[in-house]
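Peer 1:
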Amino acid sequence: MNGPGKNAGNDDMSLFVMTLPYLDQVSFYQRWELAAYVAAGETSAAQLRAKADLDRFNATKIPIFVCPNDPDTKKSGGLSYCANIGYVTSQYNSAADTSHVVDSPDGGFDSDPENDTDLPVKFASGVFWRPWNSGMTLDYIAAADGLTQTLMLSENLQAGKWSSIYTGDLGFGVDVEGILTGPTLKLPADFILKTDHSDSRINANYSAGEGQAWRPSSRHPSGAVNVVLCDGSGKSLSPQMDPRVYARLLTPAGLRYGQDVVSQSGF
Numbered sequence: 001m002n003g004p005g006k007n008a009g010n011d012d013m014s015l016f017v018m019t020l021p022y023l024d025q026v027s028f029y030q031r032w033e034l035a036a037y038v039a040a041g042e043t044s045a046a047q048l049r050a051k052a053d054l055d056r057f058n059a060t061k062i063p064i065f066v067c068p069n070d071p072d073t074k075k076s077g078g079l080s081y082c083a084n085i086g087y088v089t090s091q092y093n094s095a096a097d098t099s100h101v102v103d104s105p106d107g108g109f110d111s112d113p114e115n116d117t118d119l120p121v122k123f124a125s126g127v128f129w130r131p132w133n134s135g136m137t138l139d140y141i142a143a144a145d146g147l148t149q150t151l152m153l154s155e156n157l158q159a160g161k162w163s164s165i166y167t168g169d170l171g172f173g174v175d176v177e178g179i180l181t182g183p184t185l186k187l188p189a190d191f192i193l194k195t196d197h198s199d200s201r202i203n204a205n206y207s208a209g210e211g212q213a214w215r216p217s218s219r220h221p222s223g224a225v226n227v228v229l230c231d232g233s234g235k236s237l238s239p240q241m242d243p244r245v246y247a248r249l250l251t252p253a254g255l256r257y258g259q260d261v262v263s264q265s266g267f
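The sequence shown: position 234 = 234 (the UniProt record's numbering), numbered continuously.
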């Protein structure tokens, strides 16, 4: 990463950019990385040329990043899939959200940087959205809720561009603002994924704008969404599934903080 100049954000790297070398896109990734590095430097003729190259790279359509059933398949830099960001306690469904980027001052449930007792609870609530200075591992998930009971990726019609760094463009989660407080992930018995101000249900709010519906969705005839679990297996989830079961599938270590077991036959 370059320094704190006005162009510094040009080399911010999204989750999906980091996967490019593993998707037979090594050459493209190397060109993207070089352009991003130069584009993040001080303004100059070379920096401006690199920024133009970076914009062109970010508009590239990468087939593996889009679902054929997604109406936005032909969108420049399009993305049909999002990553499990877990339980959200503020700014749910906010477009261009920057309060949950990796260098946020607090990654816990209470948004209080002076209190870090809630950080392990937040860490246990999602795979990709976590306290910024901690790294999730498959070993952690396997030793807790289990790889076959934890979601990693899902379809989302409101996903943004694969180069985006905004939470809503890249992630799906469950809004628990005002529902979970303190050191617990145990869901209320009447939990339904819907509150007075948000809807975390599968396929909720089809008409939402890009980055403004942080939940799984698809245009498949049955309404089912394709997901990938942390063991690498694929599955389809029904919009009619038990909301408490769905919510528990997001946590990599919910069992450690009061959640009930999700059996492999339960979804």
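Yeah, the Cβ is synthetic: ideal placement off N, Cα and C, and Gly gets one too.
Assuming Phe172 is part of the beta strand (DSSP E), what are its boundary residues?
Peer 2: First-last of the beta strand (DSSP E) with Phe172: 171-175.
Peer 1: Using CA coordinates, which residue listed in Ser198, Ala36, Ser154, Tyr37 is at the minimum distance from Asn93?
Peer 2: Nearest C-alpha to Asn93: Ser198.
Peer 1: Excluding five sequence neighbours on each side, which residues of the same chain lie with their C-beta closer than 7 Å to the C-beta of Asp12?
Peer 2: The residues are Ile165.
Peer 1: How would you write the range of the beta strand (DSSP E) that Ile85 sits in, first residue to last?
Peer 2: Note, Ile85: beta strand (DSSP E), 81-88.
Peer 1: Which ranges does the alpha helix (DSSP H) cover as unbroken runs of at least 4 residues, wholly within the stretch 144-210, from first to last along the chain?
Peer 2: Listed in chain order, they are 167-170.
Peer 1: Determine the direct distance from the alpha carbon of Asp53 to that of Ala159, and round the result to whole angstroms.
Peer 2: Looking at the two C-alpha atoms, the distance is approximately 23 Å.
Peer 1: Do Ala95 and Gln212 have their beta-carbon atoms positioned less than 7 Å apart in this structure?
Peer 2: Against a cut-off of 7 Å, the Cβ pair of Ala95 and Gln212 comes out as a contact.
Peer 1: So for Asn69, helix, strand or coil by DSSP?
Peer 2: Correct three-state label for Asn69: coil.
Peer 1: Would you call Thr184 buried or exposed, if buried means 16 or more other Cβ atoms sit within 10 Å of its Cβ?
Peer 2: Exposed is the call here.
Peer 1: For Ser236, which beta-bridge partners are listed by DSSP?
Peer 2: Per DSSP, Asn226.
Peer 1: Does any CB atom of chain D fall closer than 7 Å to the CB of Asn10?
Peer 2: In the structure shown, chain D cannot be found, because there is only a single protein chain.
Peer 1: What's the C-alpha gap between Ala46 and Asp24?
Peer 2: Computed Cα separation, rounded: 28 Å.
Peer 1: If you compare alpha carbons, which of Trp214, Leu229, Asn58, Thr73 is closest to Ile64?
Peer 2: Measuring from the Cα of Ile64, the nearest candidate turns out to be Thr73.
Peer 1: Here's the rule I'm using: 16 or more other beta-carbon atoms within 10 Å means buried, otherwise exposed. How should Ile179 be labelled?
Peer 2: It counts as exposed.
Peer 1: Would DSSP call Gly254 helix, strand or coil?
Peer 2: In this structure, Gly254 counts as helix in the three-state DSSP scheme.
Peer 1: How many whole angstroms separate the CB atoms of Leu151 and Leu15, which I take to be in contact at a CB cut-off of 8 Å?
Peer 2: Between Leu15 and Leu151 the Cβ distance is about 15 Å, and since that is not below 8 Å, they are no contact.
Peer 1: Report the rounded CA-to-CA distance for Lys235 versus Gly5, giving the unit in angstroms.
Peer 2: The straight-line gap from Cα to Cα measures roughly 44 Å.
Peer 1: Check whether the Cβ of Gly171 lies closer than 6 Å to any heavy atom of the ligand MN, and answer yes or no.
Peer 2: Here there are no bound small molecules, and the ligand MN is not part of this structure.
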